[in-house]
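Residue numbers (my numbering), protein chains in the order written: chain A, 858 to 1373; chain B, 135 to 366.
Ideal Cβ placement from N, Cα and C applies to all residues, glycine included.
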Amino acid sequence: MPSSTDTGPHAWLEAARDTRHLMAFRARTVRRRGAAFLGLAVVVVLTAVFAVVPSRVDLRSGVSAPFERALAALETNLGAAFAGFLLLAVGAAMGSGGGRELLSRSEAAVHPISPVTEHLGALLLAPVNLAWMVQAWTLLAVTALVTPPANLVGAQLVVLAWVLTATALGQAAGWAVEGVRRTARGVLVVRIGAGAVVVVLAALHLAGLLAPLARSLPTTWLADTSQTTRWPLALGVLLLLTVAGLVVGARPAAWALGLPPREELRVQSGVHEARHVPEPRWGSADRALLRRLDRGSVWRSVGMRRGLMVLGIGPGLVALVAGLEWGTVLLLPGLTASGAALLFGVNAWCLDGKGMVWRETLPVSSADVFDVRALVVAECMAAVSGVTVVLALLRNGLPPLVTGVAVASCWLVVLVQVLAIVMTWSVRSPYSVDLSSPRATPAPHAAMAGYAGRLSLVTTLTAMVFTGLAALPWAWAPAVVSLPFLAWSTRRLLRARRRWLAGDERARVVLTVAAV
Amino acid sequence: MSQSPAVVVRDLHVRFGDVEAVSGVDLTADSGRATALLGRNGAGKSTTMKVLAGVVPPTSGSVTVAGHDAATDALGVKRAVGYCPDVGGLVPRATPWEHLQLSARLRRMDDWEERGRDLLERFELGDVAHRVVGGFSHGMSRRLSVVLASLHEPDVLLLDEPFDGVDPLGVEATLEVVADARARGACVLLSTHLRDLALEACGEAVVLRGGNRVAAMQAGDLTGEAYRALLD
């Protein structure tokens, strides 16, 4: 009988077979197959668009000098962007406790699922991540923009290979970090290590060394080679590295999964002393107590707490260190708010888990329950996107009036927009999920991919509108344009609330989330 | 104490899409009495309990709980009822004390802490009162659900599978809660598969099959053979 930590050739064959079975099982449980296929088709089409269309646009003729400079900067920094993708892959795997799971912990507990299967499953699910998709599309688009059309195919093959390589290497690193985190003082070690990395990067940036260092990484050779006829060499190297990362990653996966999840166990066994009933200055004490319970459900979850911190600090640090222009910063609140919503907001009632039936027996108005839950979702989104905006403010200083109004308006619009969308989804398509593991997601993976794609598309398009408005000389324009956006989203939010207030609809949500 | 029955169900139908979970249940339960709700899996016991708790609205029929119409006054029903759901029933990242605090606050109970502590001790949950319930065993969760259902001394106590996975001491404490509720004049409805415990706790029994009521009798008359015959 093979050992559960076996990572030999036999284990790989078995794991590949098991992964196929698990994927097929998950595929059979997709509720809306038509929508899933449509979503997949949209992703493929968008990938093709980003990979090809920018190269068809003739940017070199008749453009302004600043645009020429921007294009040259993109070309020079493509290698650094490759390295950035690797950093993202490592961060995503670290944030999700090693990687996403094909079956939830409670479902998987009774099945003989090996660590190698878990490793393969996490790799397959890595693309179901808003940041992963956006970054991959960005790499494809920038490569298409700066590569001569004759070499485009080779260059894009190298980009796709790099995406695979970085994901495999990031996954291996993620498992290793998760293993360390599960040792006796691992949580502290990982926090100190992550803090040290941030401090070193910031110090390098302040010393003016970060950009030259990033450009001197082997990824620059990769980016340069991909645009020449020697691209097969780069492709070969990357494929070798991918296989190596894939095989090597199984070791830390087996190690990490063999250790008890200390951080989660500490939360479960930790003592939370009783506090008095809150006496708020405004609003009722009932709502304040409901709010406290909901906030506790968010911040006592290892996965959500970790995700919110990464989303809050990560993009903000990029804005701080890289000195992003306000035009780029405008895109970030929507994306970070979407990321926060994807932690639990897309299935907001799942915070209560099986306790939702008990919650529903409490004599409290259903409107209060909805309002409090929407407020807690909004708080999380506002907090993480707020950190990004504040750090950008620290880096860039006060923006011109019209830009400031555009940033504030855009931030408010995307918050209300995302809130309305996710509360609608929460009522329309609830799921029963167990979020006790940081590897869990609030909805099935196919649904999460759809949610991530739709949220990123909506918020990016909205931010682009406000980027355009920021270029106009009228400071009032962004504020005025935000009004129809806000009216539409408020209407949508109220519609979701009305649906929740209907007894039979609410019962459907309650019974589905509690799985009874 | 009201002379009219605390729970009156007439021709209750509950439909989830194409599935009819309850099809024409009639049920009456008096104050000061405990009634066992028996039947096989899928007989409609838990769904009927959820309607009585104000969680699921009836599709048709009339349901009155402590004088409140479940179809039009779900909030009134929730104030009058204490409900222990059949599965889970606890917010995973909240502590038992936080559950009690919320329940008491929303029911406007001022001096609940002593009773809360006493119930937790009786169910041997005193030493885990401030730990999140996500780490609880199944039996501990069931015991806490009974504590939550009985904290506010409701007019109608609904216990759905309260003995499931519970150790003998927990069973004993649950039987005490049922006896206390009866003694203070509350109506108790107890759903279970365990006939012997149902007979010990309750004076009357109602048997459901396929979403219908097939028998209502004194608990003492429900012998093993009679029960088995009603299930088939």
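Going by the DSSP bridge assignment, what does residue i pair with across the sheet?
{"i": "E154/B", "result": "R149/B"}
{"i": "D1291/A", "result": "DSSP, once it has assigned bridges, lists no residue as partnering D1291/A."}
{"i": "D294/B", "result": "S325/B"}
{"i": "C218/B", "result": "L293/B"}
{"i": "G173/B", "result": "L342/B"}
{"i": "D203/B", "result": "T198/B"}
{"i": "M351/B", "result": "A339/B"}
{"i": "R144/B", "result": "S196/B"}
{"i": "A1300/A", "result": "DSSP lists no partner for A1300/A."}
{"i": "R265/B", "result": "V1128/A"}
{"i": "A163/B", "result": "V141/B"}
{"i": "A168/B", "result": "V322/B"}
Roughly how many whole angstroms lie between the Cα atoms of residue i and residue j?
{"i": "W989/A", "j": "A983/A", "result": "8 Å"}
{"i": "R1354/A", "j": "M274/B", "result": "35 Å"}
{"i": "R883/A", "j": "V1370/A", "result": "18 Å"}
{"i": "W246/B", "j": "D355/B", "result": "39 Å"}
{"i": "M1213/A", "j": "V141/B", "result": "24 Å"}
{"i": "W1019/A", "j": "F939/A", "result": "8 Å"}
{"i": "E310/B", "j": "S284/B", "result": "11 Å"}
{"i": "P1075/A", "j": "G936/A", "result": "8 Å"}
{"i": "P302/B", "j": "V1221/A", "result": "35 Å"}
{"i": "F1323/A", "j": "V1244/A", "result": "20 Å"}
{"i": "T326/B", "j": "V190/B", "result": "20 Å"}
{"i": "F907/A", "j": "T182/B", "result": "55 Å"}
{"i": "T357/B", "j": "A966/A", "result": "40 Å"}
{"i": "A315/B", "j": "L1174/A", "result": "59 Å"}
{"i": "L945/A", "j": "L895/A", "result": "27 Å"}
{"i": "L1026/A", "j": "I970/A", "result": "22 Å"}
{"i": "V910/A", "j": "L997/A", "result": "10 Å"}
{"i": "F924/A", "j": "V991/A", "result": "23 Å"}
{"i": "P1257/A", "j": "P1330/A", "result": "10 Å"}
{"i": "V1046/A", "j": "E1035/A", "result": "11 Å"}
{"i": "G941/A", "j": "A1328/A", "result": "29 Å"}
{"i": "G1050/A", "j": "R1038/A", "result": "11 Å"}
{"i": "R889/A", "j": "V985/A", "result": "17 Å"}
{"i": "N175/B", "j": "W1139/A", "result": "48 Å"}
{"i": "L1067/A", "j": "L1177/A", "result": "13 Å"}
{"i": "M135/B", "j": "R962/A", "result": "With a pLDDT of 45 at M135/B, under the threshold of 50, the modelled position of that residue is not reliable, and the figure given next carries that caveat. Roughly 50 Å between the two C-alpha positions."}
Between residue i and chain D, is any beta-carbon pair separated by less than 8 Å?
{"i": "A228/B", "result": "The displayed structure is made up of protein chains A and B, and chain D is not among them."}
With hydrogens ignored, establish whether the beta-carbon of residue i is closer than 7 Å to any heavy atom of the ligand SAM.
{"i": "L171/B", "result": "In terms of ligand content, the structure shown is empty, and the ligand SAM therefore cannot be addressed."}
Starting from the Cα of residue i, find the closest Cα among the options and give me that residue.
{"i": "C218/B", "options": "H147/B, L172/B, R277/B and R347/B", "result": "R277/B"}
{"i": "D220/B", "options": "V185/B, V267/B and L293/B", "result": "L293/B"}
{"i": "V1015/A", "options": "A1053/A, A1110/A and L1096/A", "result": "L1096/A"}
{"i": "D366/B", "options": "G344/B, E154/B and G210/B", "result": "G344/B"}
{"i": "V281/B", "options": "D289/B, P296/B and G268/B", "result": "P296/B"}
{"i": "A1239/A", "options": "A1224/A, M1166/A and H1302/A", "result": "M1166/A"}
{"i": "G1360/A", "options": "A187/B, N175/B, A155/B and A339/B", "result": "A187/B"}
{"i": "T1193/A", "options": "W1268/A, L1150/A, A1263/A and A1205/A", "result": "W1268/A"}
{"i": "V1010/A", "options": "V1057/A, A979/A, R1087/A and R1038/A", "result": "R1087/A"}
{"i": "H976/A", "options": "G1102/A, A929/A and L903/A", "result": "G1102/A"}
{"i": "H1302/A", "options": "W1032/A, G978/A and R1216/A", "result": "G978/A"}
{"i": "V1338/A", "options": "S1294/A, T1281/A and A1263/A", "result": "A1263/A"}
{"i": "E334/B", "options": "G195/B, R251/B and A168/B", "result": "A168/B"}
{"i": "P1335/A", "options": "A1001/A, V1105/A and V1270/A", "result": "V1270/A"}
{"i": "E1130/A", "options": "S1141/A, G1115/A and G1153/A", "result": "G1153/A"}
{"i": "A892/A", "options": "V1203/A, T1218/A, G1310/A and R1163/A", "result": "G1310/A"}
So does the segment 1180–1200 of chain A actually touch the segment 1267–1287 of chain A, counting three or more Cβ pairs closer than 8 Å? yes
Could you run through the segment 1201–1226 of chain A and flag, in chain order, every residue whose CB is less than 9 Å away from some CB of chain B? L1208, D1209, G1210, K1211, G1212, M1213, V1214, W1215, R1216, E1217, T1218, L1219, P1220, V1221, S1222 and S1223
When Cβ atoms are compared, which residues of the segment 1128–1145 of chain A fall closer than 8 Å to chain B? V1128, H1129, E1130, A1131, V1134, A1142 and D1143
Meets three-Cβ-pair contact criterion under 8 Å: the segment 1140–1153 of chain A and the segment 1054–1065 of chain A: no
Compile a chain-ordered list of the residues in the segment 1344–1373 of chain A whose CB is closer than 8 Å to at least one CB of chain B. G1360, D1361, A1364, R1365, V1367, L1368, A1371, A1372 and V1373
Got a sec: which bits of the segment 230–244 of chain B sit with their beta carbon under 7 Å from any beta carbon on chain A, in order along the chain? W231, E232, Q235, L236, S237, R239, L240 and R241
Determine contact between the segment 1179–1191 of chain A and the segment 1247–1254 of chain A, defined as no fewer than three beta-carbon pairs at a distance below 8 Å. yes
Just by C-beta distance, which residues in the segment 243–268 of chain B are closer than 7 Å to chain A? H264, R265, V266 and G268
Should the segment 1110–1125 of chain A be regarded as contacting the segment 255–271 of chain B, the criterion being three or more beta carbon pairs within less than 8 Å? yes
Between the segment 942–962 of chain A and the segment 1029–1042 of chain A, do three or more beta carbon pairs fall short of 8 Å? yes
Per the contact definition of three or more C-beta pairs closer than 8 Å, is the segment 158–169 of chain B in contact with the segment 228–236 of chain B? no
Between the segment 192–209 of chain B and the segment 232–248 of chain B, can you find at least three pairs of beta-carbon atoms closer than 8 Å? no
Looking at chain A, which residues of the segment 177–198 of chain B have a Cβ within less than 9 Å of any of its Cβ atoms? S180, K184, A187, G188, V189, V190, P191 and T193
Check each residue of the segment 1103–1130 of chain A: if its Cβ is closer than 8 Å to any Cβ of chain B, include it; give the result in chain order. L1122, V1124, Q1125, S1126, G1127, V1128, H1129 and E1130
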